[in-house]
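Novice: Quick one: this structure, given as structure tokens, is what I'll be asking you about.
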Amino acid sequence: CGTTSKVGDWFRGKPTDTGDEAAIIGAPSADSYLSDLYELNASDERKQANITSDAESAARLTPGPSTKLKLALVLATPGHAGYDPARAAGLLREVLDQQPLLTSAETSLATIYLNSVVRLSEAASEASRLRSASERAAASETRAANTRISNLEAENRQLRDALAEAEQKLDAITSIERSIRDGE
146 CGTTSKVGDW FRGKPTDTGD EAAIIGAPSA DSYLSDLYEL NASDERKQAN
196 ITSDAESAAR LTPGPSTKLK LALVLATPGH AGYDPARAAG LLREVLDQQP
246 LLTSAETSLA TIYLNSVVRL SEAASEASRL RSASERAAAS ETRAANTRIS
296 NLEAENRQLR DALAEAEQKL DAITSIERSI RDGE
């Protein structure tokens, strides 16, 4: 719960370094992560691809919670070609499983981003479900409309046939009447 109060203090502008946290040698500062994420959001596609590639390489060449966290944060940030929320969620869970090796800032970033990725994934799944339901409903309505059109066309054909038959009968009656009049 110490992390939560430190995050709350950070939001209120209070100093968060209480000095009771053991230093983790080689761990990047929160500013380092944030500046990388800013660059990812503010850069062009080429620079975004380079940031993603660098994070992938660092995580592969020097695997550890900090490099995995950086890669996960990059993958969890929407708006670039490397955005992969499912993979980011998996990496963030792995990183959080190694919490003793993380600074409180790293734990906070991982937790915030994991919650964000999970919620975005849920929203995307719901949007996809609604889109599918809408498409199914539209397809069902189209099938129903096509059935109604087919039924109306069949009824129209029957009416035309009945009209043609009635016209033939009328012609026959007219012909009989003429022959009767001519015979008189």
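For what it's worth, the numbering used here labels the leading residue of the sequence shown as 146, then goes sequentially. Idealized CB from N, CA, C, for every residue including glycine.
With a Cβ-Cβ cutoff of 8 angstroms, do K215 and D181 count as a contact?
Specialist: Yes. Within cutoff.
Novice: Between the C-alpha atoms of H225 and L185, what's the straight-line distance to the nearest angstrom?
Specialist: The alpha-carbon atoms of H225 and L185 are separated by roughly 8 angstroms.
Novice: Among the residues of its own chain, which have a CB less than 7 angstroms from the CB of S295, if the five just before and after it don't count?
Specialist: Closer than 7 angstroms at the Cβ level, and outside the excluded window around S295, lies no residue.
Novice: Can you list the beta strand (DSSP E) stretches of 3 or more residues lying completely in the region 184 to 211, in chain order?
Specialist: Listed in chain order, there is nothing to give.
Novice: Could you tell me how far apart the beta carbons of L254 and A175 are, in whole angstroms, since I believe they sit closer than 8 angstroms?
Specialist: Correct: roughly 7 angstroms between the Cβ atoms.
Novice: Measuring only the C-alpha atoms, how far is Q313 from T319?
Specialist: When rounded, the distance between both Cα atoms is 10 angstroms.
Novice: Over the uninterrupted alpha helix (DSSP H) stretch that includes Y228, give me the two end residues.
Specialist: First-last for Y228: undefined, no H or E at that position.
Novice: Going straight from the alpha carbon of A234 to that of S279, what length do you get?
Specialist: For A234 and S279, the distance between alpha carbons rounds to 29 angstroms.
Novice: Which whole-angstrom value is the C-beta distance of Y178 and A217, which I expect to be below 8 angstroms?
Specialist: Not really, about 10 angstroms apart at Cβ, beyond 8 angstroms.
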